[in-house]
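Report on the following structure.
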Amino acid sequence: MTQNHHFNNVVIAAGPVIIKAGKVLLNKHGETDLWKFPGGDITAAEGDLDAWAVKKATEELGLKIKIIKPLKPMVVWQKDEVIILIHYLAELTSEEIKPATYIKEYAWLDINNLPEDCHQNVKTIIEEYKTDARH
Numbered sequence: 054m055t056q057n058h059h060f061n062n063v064v065i066a067a068g069p070v071i072i073k074a075g076k077v078l079l080n081k082h083g084e085t086d087l088w089k090f091p092g093g094d095i096t097a098a099e100g101d102l103d104a105w106a107v108k109k110a111t112e113e114l115g116l117k118i119k120i121i122k123p124l125k126p127m128v129v130w131q132k133d134e135v136i137i138l139i140h141y142l143a144e145l146t147s148e149e150i151k152p153a154t155y156i157k158e159y160a161w162l163d164i165n166n167l168p169e170d171c172h173q174n175v176k177t178i179i180e181e182y183k184t185d186a187r188h
């Protein structure tokens, strides 16, 4: 028997995945103390998801990036909402990082030794990235 799920809210979020020399750039922001990719919720007025990912990288960490390709979307269920996460593999076009005041911390973390306190999507996306890189 199939169970129907009812959600009060559907959220779409987009952001870049920036990997360089075996390390991924993550930050801590928002209500939790988890490591996350830069990015955030997108509103209907914003529209263009890859442009939103570039915008969030600039807002959060002062980064200049170039989108390489979209990655596999993820769906996360939380309480009464569903979150659709759209990630883009991206590269830096400038090395300078200037975090916004609301960024608690940022770091380049080893993709083969991620800390336990990563948001659930980080480990999934990194594992898929490593699998794709092997093929």
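In terms of my numbering, the sequence shown is residues 54 to 188.
Cβ coordinates follow ideal geometry from the N, Cα and C atoms, glycine included.
For clarity, every value in this text was computed on a predicted model and none was experimentally measured.
Query raised in the report: How many Å lie between I137 and T184 at the Cα?
Result: 22 Å
Report task. With DSSP collapsed to three states, give me the class of K151. Result -> coil
**Report entry** For D185, three-class secondary structure by DSSP
**Finding:** Here D185 sits in helix by DSSP.
Query - Among T154, Y141, E134, the one whose alpha carbon lies nearest that of G92 - result: Among T154, Y141, E134, the Cα nearest to that of G92 belongs to Y141.
Query raised in the report: On the premise that L78 lies in contact with W161, defined as a C-beta separation below 8 Å, what is that separation, rounded to the nearest angstrom?
Result: Their Cβ separation, rounded to whole angstroms, is 6 Å, which keeps W161 and L78 in contact under 8 Å.
Query - beta strand (DSSP E) segment containing D163, residue limits - result: For D163, the enclosing beta strand (DSSP E) stretches over residues 158-163.
Query raised in the report: Using a Cβ-Cβ cut-off of 7 Å (strictly less than) and excluding sequence neighbours within five positions of E149, which residues of its own chain qualify?
Result: Taken in chain order, the residues that qualify are G115.
Requested in this report: Take P123 as the anchor and find which of I71, N61, Q173 has the nearest alpha-carbon.
Outcome: I71
**Report entry** Residue interval of the beta strand (DSSP E) (run including E144)
**Finding:** 134-145
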